[in-house]
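>
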Amino acid sequence: TQLLEQSPQFLSIQEGENLTVYCNSSSVFSSLQWYRQEPGEGPVLLVTVVTGGEVKKLKRLTFQFGDARKDSSLHITAAQPGDTGLYLCAGLTGTASKLTFGTGTRLQVTL
Amino acid sequence: NAGVMQNPRHLVRRRGQEARLRCSPMKGHSHVYWYRQLPEEGLKFMVYLQKENIIDESGMPKERFSAEFPKEGPSILRIQQVVRGDSAAYFCASSPGQLGMNTEAFFGQGTRLTVV
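Protein chains in written order, with our numbering: chain C, 72 to 182; chain A, 47 to 162.
Written as structure tokens, this is what we have:
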């Protein structure tokens with residue numbers, strides 16, 4: 072069974088602070104995706120990383136895929152209240168057309 | 047182009063009743079996935095279907111749960127004789143083809159099942 076562990080599980084910070092969320096596994100993934108989910112809604116895809124060592128930026132969000140394609144990180148610069156939500160990483164293996172989701176990181180950004 | 051549509055959004059069932067959750071994929075999408083989410087947890091894969099076929103049901107409980115995706119109409123996740131532990135949010139996702147680096151899954155808003 073492939074497991075994706077996210078840390079921290081909960082994070083409460085003030086507006087303007089920086090933060091990093093980690094997603095770790097002992098399994099290798101062909102690609103890894105990050106989603107944000109708001110209460111009462113389904114997950115919305117933020118980014119897909121494919122190549123080991125890849126870095127992608129989406130405005131204030133920076134995503135990195137580990138060299139061995141077993142881990143990933145999400146860094147948010149100058150967090151805003153609109154960043155509040157549940158952040159989920161999800162890995163895809165080449166042999167199975169299904170996403171394995173991480174345990175989730177609940178982020179709250181306050182004024 | 048409407049997104050993935052799930053209904054109902056909220057469903058309350060008494061223990062022992064049946065729950066039927068429906069999912070209409072995005073137009074042109076023939077691949078459907080069902081996931082279950084408990085409060086404050088990630089999504090757990092249940093089943094992957096293509097039109098009229100179950101491709102992977104490795105995440106489905108062996109009893110009481112079934113899924114179908116008929117040639118016409120929505121995909122249905124059916125839970126018979128519901129128990130309190132079935133209370134969760136059930137999400138459906140669809141994709142135009144097999145998931146890969148260039149093929150994305152789009153999620154619906156989910157059905158929140160409460161068993162009383």
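Glycine residues also receive a C-beta, built at the ideal position from the N, C-alpha and C atoms.
1) If you follow the beta strand (DSSP E) that C:Q85 is in, where does it begin and where does it stop?
2) Would you please verify whether the beta carbon of C:P79 is less than 9 angstroms from any beta carbon of chain A?
3) I want to see whether chain A comes within less than 9 angstroms of C:G124, judged by CB atoms only; does it?
4) If you check the beta carbons only, do A:R130 and A:E64 fall under 9 angstroms apart?
5) Secondary structure at A:R66, three-state DSSP: helix, strand or coil?
6) Report the neighbours of A:G154 on chain C: residues whose CB is nearer than 8 angstroms to its CB, in chain order.
7) Where does A:R130 fall in DSSP's three states?
8) Classify C:L170 as buried or exposed, calling it buried when 16 or more other Cβ atoms lie within 10 Å of its own Cβ.
9) For a test of the three-state rule: what should DSSP assign to C:G153, helix, strand or coil?
10) Closer than 8 angstroms by C-beta to A:T149: which residues in its own chain qualify, once you throw out the five before and the five after it? Chain order, please.
11) A:F91 by DSSP, collapsed to three states: which one?
12) With 9 angstroms as the limit, tell me which residues of the stretch 97 to 118 of chain A have their beta carbon closer than that to any beta carbon of chain C; keep them in chain order.
Answer, in terms of the structure:
1) 81 to 85
2) no
3) no
4) no
5) strand
6) Residues of chain C with a Cβ closer than 8 angstroms to the Cβ of A:G154 are, in chain order, G113.
7) helix
8) buried
9) C:G153: helix per DSSP, three-state reduction.
10) S141, P142, G143
11) strand
12) Within the stretch 97 to 118 of chain A, the qualifying residues are I101, D102, S104, G105.
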